[in-house]
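Since the structure comes first, as structure tokens, the remarks are kept for the end.
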Amino acid sequence: MELLVLRLDFMVLALIIHECIYRRMSNRQQQIVSAALEELILVWVLFKLSTLHKAASLL
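Read in my numbering, the sequence shown has 475 at position 57, and its numbers run on one by one without any break.
What follows is the structure, given as structure tokens:
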């Protein structure tokens, strides 16, 4: 479980770095990268919320 969280954190970090250099891309490529980043961040946030909910229910 912790490995999955770490992997998701690195994926988000990699996409943020990619987002910083994507300005050199065409408009269509920028749209694709932005959509992928939004989707991945949403999944990451939902996973983090799920993990927090599970941890809170154990208390």
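The beta-carbon is built from N, C-alpha and C at its ideal position, and this holds for glycine as well.
Do residue i and residue j have their CB atoms nearer than 8 angstroms?
i    : j    : result
L433 : L458 : yes
L426 : E437 : no
V430 : M443 : no
Strictly under 8 angstroms for the Cβ-Cβ distance: is residue i near chain D by that measure?
i    : result
S444 : You won't find chain D in this structure, because it holds only one protein chain.
Considering Cα atoms alone, identify which of the options is closest to residue i.
i    : options          : result
F428 : R441, Q448, W462 : W462
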